[in-house]
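Engineer:
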Ligand SMILES: Cc1cc2nc3c(=O)[nH]c(=O)nc-3n(C[C@H](O)[C@H](O)[C@H](O)COP(=O)(O)OP(=O)(O)OC[C@H]3O[C@@H](n4cnc5c(N)ncnc54)[C@H](O)[C@@H]3O)c2cc1C
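Residue numbers (full-length UniProt numbering), protein chains in the order written: chain X, 1 to 285; chain G, 1 to 780.
1) Closer than 8 angstroms, CB to CB, is residue 250 of chain X near chain G or not?
2) Do residue 30 of chain G and residue 275 of chain G have their C-beta atoms within less than 8 angstroms of each other?
3) Please state whether the Cβ-Cβ distance between residue 69 of chain X and residue 181 of chain X is less than 8 angstroms.
4) How long is the line joining the alpha carbons of residue 345 of chain G and residue 166 of chain G, rounded to whole angstroms?
5) For residue 497 of chain G, which three-state DSSP category applies?
6) Go to residue 141 of chain X, then tell me how far its beta strand (DSSP E) extends in each direction, as first and last residue.
7) Distance check for residue 535 of chain G and residue 779 of chain G, CA to CA, integer angstroms please.
8) Let me see if you follow: with CB-CB separation under 8 angstroms, is residue 4 of chain X close to chain G or not?
9) Is the CB of residue 163 of chain G under 8 angstroms away from at least one CB in chain X?
10) Per DSSP, what are the beta-bridge partners of residue 209 of chain G in this structure?
11) Check whether the segment 359-370 of chain G and the segment 394-403 of chain G touch, using three or more Cβ-Cβ pairs below 8 angstroms as the test.
12) Name the two residues that bound the continuous alpha helix (DSSP H) containing residue 140 of chain G.
13) Secondary structure at residue 233 of chain X, three-state DSSP: helix, strand or coil?
14) Just the chain X side, please: which residues come within less than 9 angstroms of residue 285 of chain G by C-beta, in chain order?
15) The segment 666-698 of chain G: which residues have C-beta closer than 7 angstroms to a C-beta of chain X, in chain order?
16) Which residues in chain G sit within 7 angstroms of residue 245 of chain X, going by Cβ to Cβ distance?
17) Classify residue 430 of chain G: buried if its beta carbon has 16 or more other beta carbons within 10 angstroms, exposed otherwise.
18) Which partner residues does residue 294 of chain G have in the DSSP bridge list?
19) Taking CB distances under 8 angstroms as the criterion, tell me whether residue 762 of chain G reaches chain X.
20) Taking DSSP as the reference, what is the three-state secondary structure of residue 672 of chain G?
21) May I ask you to list the residues that DSSP assigns as paired with residue 289 of chain G?
22) Spell out a yes or no on whether the segment 163-183 of chain G and the segment 206-221 of chain G are touching, meaning 3 or more CB-CB pairs, one atom from each, closer than 8 angstroms.
23) Is residue 88 of chain G near ligand 1, judged by its Cβ being under 7 angstroms from some heavy atom?
24) Using beta carbons (cut-off 8 angstroms, strictly below), is residue 117 of chain G in contact with chain X?
25) Do you know whose CA, among G:226, G:129, G:595, G:622, lies nearest residue 463 of chain G's CA?
26) Go through its chain and collect everything with a Cβ distance to residue 731 of chain G's Cβ below 6 angstroms, but skip five positions before and after it.
27) List the whole-angstrom C-beta distance separating residue 490 of chain G from residue 509 of chain G, where the pair is believed to meet the contact cut-off of C-beta under 8 angstroms.
28) Out of G:286, G:159, G:486, state which residue places its alpha-carbon closest to the alpha-carbon of residue 594 of chain G.
29) If you pair each beta-carbon of the segment 176-193 of chain X with each one of the segment 84-99 of chain X, do three or more pairs fall below 8 angstroms?
30) What are the residues that DSSP puts in a beta bridge with residue 184 of chain X?
31) Closest to residue 416 of chain G by C-alpha separation, out of G:393, G:433, G:438, G:601, would be which residue?
32) Just the chain G side, please: which residues come within less than 8 angstroms of residue 260 of chain X by C-beta, in chain order?
33) For the segment 47-63 of chain G against the segment 705-712 of chain G, do three or more pairs of beta-carbon atoms, one drawn from each stretch, fall closer than 8 angstroms, so that the two count as touching?
34) Quick check: does the Cβ of residue 260 of chain X come within less than 7 angstroms of any heavy atom belonging to ligand 1?
35) Per DSSP, residue 274 of chain G forms a beta bridge with which residues?
36) Report the rounded CA-to-CA distance for residue 445 of chain G versus residue 641 of chain G, giving the unit in angstroms.
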């Protein structure tokens, strides 16, 4: 429960952070809220030589609206996002999900960018990011880049982020008006992380035909994923109980499920179906 | 002064704790203090071939590295305190650091002492231990098998003891109309007090005095044991239990690290601190329960129970811990009949060594296991004969106390039937059954669970302690010092660590002396200040130490009265004492206050001839018998058939714990005990791999109950004073862990009745419940 010794520097700007990452040549590690990184350091699973503290870079904080998207600065904390009027107006589902993350102390420190960059397979935001067509804003040695979330998340704790780059923001598509969205979470009784978390965003036409549907699932597998078979099945169909139930059966199709002491892969697969069905009912009926 | 006993007074100890001014072991900082860390075995069973410490010693800031060979002639093995007689017990003592062989994963093999905690941890990684792996056995039933690995050459089949109490003639079972039998598993659980263990040792080379601050529920037992282990006189060792963040039984046990830190302080002549990390706690502090109990019950078709016969196979872990042998034998066996009038009873326990962390007491210690098996068996019996489990309970509950059970325990006070009736009314049992019937028609899985438990507490008469092999007395010591100003300090040999006796004991004394609560201080947990005492466990502090307190207070009043009579110039019989005032009958203007007499006693200017000065009272109270809290608990659960999740909707409990001194603290004890008991029923479980690796070794996997898991607890009390102590208290700390597991399991099994589910092992995790439903639905 005591980390190995490390050095600490604070970066005042994005270019400085990138320069520091370069200087430390793989031995430097960014720290934002520290609520994923520090536990790993205490377990001595991660032993960084130097921590580069980016938490004070003000330009990476805050929420703005750009067209049909909300752009959330990477260093915006959960608590700040939760209290933001733009989030309340355009992304209530993000607020719904944040309230299901950990506890008040963690929400006061943890950041949106940290959550996405860490790519914990049991974290909540990846499901939401998938369902909201999120785009990750990255700045590195060669300038800026925008990577769709599906290309960003690779596997457990693995992302497409280059070693000397930094996530500057995450943008989320504002769900279509008249649409509905939700995030349902099955809490792990020990850790409080998601055993299964399902984010669903949908819209139907006046006569009940589904013309927009996104389902993102976290917790169950090695990496959060989009339940594309569910989406394909439902798109263009009417929102009936039967269609929902049939679609939900496809939730974990072709996806490898994880396993721990609490929940086997069979049970997780089943939970994906149950929670997808419940989420779909909420957004479609 | 109005009476304060029975009032929900806010805890006197809280302002300090909630403003961050408590002083826990890790808060103690001494000049020149060094830090110790323990290198722990990766393997559950292995020979130690070599330990390389040179690299660690080279690390700047490392002061010393000790291995088993270095300390084996300096610290004796730590002896178990409870050597249960008549069961061929082969005790295997914990050794300070393993020498030739490690017997469980997490056993300490070396200790580093360094200038800082960081260096001490870094040095651990530089110690290289060469092991030769040995075959591992973690399960107690597997350990009994013919081909099982044997951990100790002189312990055939890994059997540490075979114990038996009571006898049921075979004919009772042969001739019985109904016999039911069930294998019930008390899974392994881990007490996780908010504060892990720790110790700080300081040695004065000039005087030879060693002081150890450590996390203990019983500092005097620690003193006796460590003085012996370190080979120093008891008078040269002072043990202090500072503020403690809970114990739950795990801090009764006497471990090795505290002695190692003591040795290091003596050798290095600098203070040394060791604080257990949470992961370390999961491995190194005693685990609990882990008993496989198979019970047979013989009864009549109309619901009368004739006999009960329980066989317990208990996993002791790799060593015999402090109370390791007593918990699954005496503590369990004497209570197998529960609150029922059952003519014949028999209990047998086999204690088994395995390659796991040693097991020991855990809130309730043995009684929850006894209660769980009888309360489950009653429901299984009820199901078999098609009778409402409440009716079976009514038919068999003890009708009248005092009552002596088949094992010889004397249930002390209260109305068992009346208590059940009150609980049934509180939850509206009749209405609830109807609601359940309706719910079932709609496919909803509503379940009702009940337990009418009784437990043995208030340990206890020292004669009995001797007879059952307990290596000490079980009396308790309380003394009261009245200072010249009339302020009062209470000293007790019990060692509360969160239970609130700093408040409840002050309430007792406030009423006895008629003085304000603010005038009373409370001291415990220091072997230099308190002559002797046996500690806090087994719900004994209020019944036993509180008994001593009450007697000590009476002694003071008695003396004060003589002084008052002397000063007032009247015969003693004419003096009355009430609400802090000594007055003369029929002459109310002639009086002395308690404060005035305190000053008189202390200045000694004018005392009766022959009277010694000062005003202090002490009592060493040895109770004539145990106390027996009991109660009726009923809950309602609903199972989600899609996920198997169990929702606890209501929990009603009516507890008769004797006289209640502070109802708010009493209720807090009930809530905490229930959270722990329900935690065992639904979430908590310690899991080992076949190789003896603890898989549930962090809070990511080991599910502690959280506040949000619970509904509002509907708790009420009945107060039937116990006749065996002056306060009439029966103990309340362990009611929840004793009652709740069976209440919850009975409810979930009841909820699953439509699927024909008869039993499921704890914890009833959603997947387990879902599978039970799923398998049955597929079969239909
Ligand atoms: C008790 C507890 C409970 C929790 N429960 C939940 C839960 O229920 N659900 C959940 O989703 N999460 C949970 N978390 C995790 C929490 O949400 C983390 O705060 C979050 O995942 C990471 O954000 P952070 O700012 O703390 O990142 P840090 O811990 O600072 O960093 C995490 C990783 O991301 C990298 N990183 C951080 N920011 C950037 C950036 N801008 N660019 C590039 N790399 C970056 C770091 O280098 C590091 O590798 C819990 C944490 C704790 C301590």
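The beta carbon of each residue, even a glycine, is placed where N, CA and C say it ideally should be.
Structural biologist: Reading off the structure:
1) Counted from its first residue, the first chain places residue 250 of chain X at position 250. No, its Cβ sits nowhere closer than 8 angstroms to a Cβ of chain G.
2) Here residue 30 of chain G corresponds to residue number 30 of the second chain, with the count starting at 1. Here residue 275 of chain G corresponds to residue number 275 of the second chain, with the count starting at 1. It is not a contact, given that the beta carbons lie outside the stated cut-off.
3) Residue 69 of chain X sits at position 69 when you count from the first residue of the first chain. Residue 181 of chain X sits at position 181 when you count from the first residue of the first chain. No, the pair does not count as a contact, with Cβ atoms beyond the cut-off.
4) For the purposes of this step, residue 345 of chain G is taken as the residue at position 345 of the second chain. For the purposes of this step, residue 166 of chain G is taken as the residue at position 166 of the second chain. In this model, residue 345 of chain G and residue 166 of chain G are separated by some 6 angstroms (Cα to Cα).
5) Indexing the second chain from 1 puts residue 497 of chain G at position 497. Residue 497 of chain G: coil per DSSP, three-state reduction.
6) Taking the first residue of the first chain as position 1, residue 141 of chain X is located at position 141. No residue range can be given for residue 141 of chain X, since it is assigned to no beta strand (DSSP E) and is classified by DSSP as neither H nor E.
7) The residue labelled residue 779 of chain G in the question sits at position 779 within the second chain. The residue labelled residue 535 of chain G in the question sits at position 535 within the second chain. Its pLDDT being 45, under 50, residue 779 of chain G is placed unreliably by the model, and the measurement read from it follows with that caveat. The C-alpha of residue 779 of chain G lies about 55 angstroms from the C-alpha of residue 535 of chain G.
8) Stepping through the first chain from its first residue, residue 4 of chain X is reached at position 4. Taking Cβ atoms only, chain G reaches closer than 8 angstroms to residue 4 of chain X, which makes this a yes.
9) Stepping through the second chain from its first residue, residue 163 of chain G is reached at position 163. Chain X places no beta carbon closer than 8 angstroms to that of residue 163 of chain G, leaving this residue out of the contacts.
10) If you number the second chain from 1, residue 209 of chain G lands on position 209. Beta-bridge analysis with DSSP links residue 209 of chain G to G:204.
11) Touching, no, given that fewer than three Cβ pairs across the two stretches are closer than 8 angstroms.
12) By 1-based counting over the second chain, the position of residue 140 of chain G is 140. Going by DSSP, residue 140 of chain G is part of the alpha helix (DSSP H) stretching over 140-143.
13) Counting from one through the first chain, the residue named residue 233 of chain X turns up at place 233. Residue 233 of chain X: helix per DSSP, three-state reduction.
14) Counting from one through the second chain, the residue named residue 285 of chain G turns up at place 285. Result: empty, since nearest Cβ-Cβ is about 14 angstroms, beyond 9 angstroms.
15) In summary, the residues of the segment 666-698 of chain G whose CB is separated from some CB of chain X by less than 7 angstroms are 683, 687, 695, 696, in the order they occur in the chain.
16) As a working note, residue 245 of chain X is residue 245 in the first chain. Neighbours of residue 245 of chain X in chain G, taken as residues at a C-beta separation under 7 angstroms, are lacking, since the least C-beta distance is about 12 angstroms.
17) For the purposes of this step, residue 430 of chain G is taken as residue 430 along the second chain, with counting starting at 1. Exposed, by the Cβ-count rule.
18) Taking the first residue of the second chain as position 1, residue 294 of chain G is located at position 294. Partner(s): G:183, G:311.
19) Here residue 762 of chain G refers to the residue found at position 762 when the second chain is read from its first residue. Not closer than 8 angstroms to any Cβ of chain X, the Cβ of residue 762 of chain G fails to qualify, so no.
20) If you number the second chain from 1, residue 672 of chain G lands on position 672. Here DSSP, grouped into helix, strand and coil, assigns residue 672 of chain G to helix.
21) Residue mapping note: residue 289 of chain G aligns to position 289 of the second chain, counting from 1. According to DSSP, which records beta bridges pairwise, residue 289 of chain G is partnered with G:188.
22) As far as the Cβ criterion goes, the segment 163-183 of chain G does not touch the segment 206-221 of chain G, which means the pair count is below three.
23) Your numbering for residue 88 of chain G matches position 88 in the second chain. No, ligand 1 has no heavy atom inside 7 angstroms of this Cβ.
24) Residue 117 of chain G sits at position 117 when you count from the first residue of the second chain. Interface flag for residue 117 of chain G against chain X is set, since a Cβ pair is found closer than 8 angstroms.
25) Translated into the one-based positions of the second chain, residue 463 of chain G becomes position 463. Selected option, being the one with the closest Cα: G:622.
26) As a first step, residue 731 of chain G must be located in the second chain, where it is residue number 731. Taken in chain order, the residues that qualify are 457, 458, 539, 543, 627, 629.
27) On the second chain, position 490 is the one that residue 490 of chain G refers to. On the second chain, position 509 is the one that residue 509 of chain G refers to. The C-beta separation of residue 490 of chain G from residue 509 of chain G comes to about 6 angstroms, placing the pair in contact by the 8 angstroms criterion.
28) Residue numbering aside, residue 594 of chain G sits at position 594 when the second chain is read from its first letter. Comparing alpha carbon positions, the residue from G:286, G:159, G:486 closest to residue 594 of chain G is G:486.
29) Counting Cβ pairs under 8 angstroms, three or more are found: they touch.
30) In the first chain, counting from the first residue as 1, residue 184 of chain X sits at position 184. Residue pairing by DSSP puts residue 184 of chain X in a beta bridge opposite X:198.
31) Walking along the second chain from the start, residue 416 of chain G turns up at place 416. Among G:393, G:433, G:438, G:601, the Cα nearest to that of residue 416 of chain G is on G:393.
32) Here residue 260 of chain X refers to the residue found at position 260 when the first chain is read from its first residue. Contact annotation for residue 260 of chain X against chain G: 701 [CB-CB distance below 8 angstroms, chain order].
33) Inter-segment contact for the segment 47-63 of chain G and the segment 705-712 of chain G is absent: fewer than three beta-carbon pairs are separated by less than 8 angstroms.
34) In the first chain, the residue the question calls residue 260 of chain X occupies position 260. Checking every heavy atom of ligand 1 against the Cβ of residue 260 of chain X, none is found closer than 7 angstroms.
35) Looking up residue 274 of chain G in the second chain gives position 274. Per DSSP, G:199.
36) Taking the first residue of the second chain as position 1, residue 445 of chain G is located at position 445. Taking the first residue of the second chain as position 1, residue 641 of chain G is located at position 641. Those two C-alpha atoms are separated by around 7 angstroms.
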